[in-house]
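The structure appears below as structure tokens.
Residue numbers (my numbering): 430 to 750.
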């Protein structure tokens, strides 16, 4: 796989500093039942990296000491980590709002047949990836049969109350562009998703989140192999809006990798750019519980334009309309 990391430094991206920490995002491992073309973590069935139980306990201790109320679980497929349910149960029992970044097809695995019920029972917010509402586009990006399995997963979640405003069970979908382009306006695309999925499959959900593809890992390698990398990066830079800087996720979120090391965001994690600790060494979660990260410099690169281009992009979707 072609490495884009050397092409993302140096950069003239504006300097950023951390605000008060609110969200703890944890990558539980790189094992996944899918191998998507746009995947920025290069996850797949052959990846065996998984967070160990003692690291999970250190993550929980960090959350308690920092007083964080939101736990955002990602991967790979985070549900495939053997300690996923322990982490969810413990955090929910402590009053934490847990988010699960789910690829939907994991709900259809035989060994995960009760996963949807588990998520509903613990009132976990499901953030489900569905890069298009058309079968041919999803299967082209994620593999044959993925769309059908994703619809089945959504229908199972709906049967449990997900997407129903009265149930309080939140189901948000995530859109990624199918190629080297910016997402369309989030509100307008959400209307298209709701109309098409509702009319054809009876699927309902709360919100659509649009996220720009980052020129790193698998997607970045694809751009390089097609000779499109520099044009894509130039497009991101030309579409940069200073107004999006105030809302970028790295200001209030810290990302922890499967080994327990801290990063400013999931993208920096995949580029091996740990937080800018005072002693310049990678900072492990076991040593960070008592630290106040507010005011720390955020490490930036050319890829950061992906978060500020157009309407902006974050783990919570567009930053502006």
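For each residue, glycine too, the CB sits at the ideal point set by N, CA and C.
- Beta-bridge pairing by DSSP links residue 645 to no other residue.
- Nearest Cα to residue 548 within the set 694, 524, 517, 532: 517.
- Contact between residue 692 and residue 626 is ruled out by a C-beta separation of about 34 angstroms, above the 8 angstroms threshold.
- Of the candidates 636, 667, 459, 667 places its Cα closest to the Cα of residue 736.
- Contact between the stretch 695–707 and the stretch 633–640 is absent: fewer than three C-beta pairs spanning the two stretches fall below 8 angstroms.
- Residue pairing for residue 460: DSSP places it in a beta bridge opposite 473.
- With respect to the 8 angstroms criterion, residue 743 and residue 676 are classified as neighbours on the basis of their beta carbons.
- Here the C-alpha atom of residue 482 lies approximately 6 angstroms from the C-alpha atom of residue 512.
- Residue pairing from DSSP places residue 499 in a beta bridge opposite 452, 526.
- Spatial neighbours of residue 600 in its own chain (CB-CB distance under 7 angstroms, excluding positions within 5 residues in sequence) are listed in chain order as 555, 557, 586, 591, 592, 634, 635.
- Annotation for residue 749: 670, 672, 673, 676, 740, 741 place their beta carbon closer than 8 angstroms to its own, counting only its chain and skipping 5 residues before and after.
- Taking a contact to require three or more Cβ pairs closer than 8 angstroms, the stretch 567–579 and the stretch 496–504 do not qualify as touching.
- With at least 16 other beta carbons inside 10 angstroms of its own, residue 532 counts as buried.
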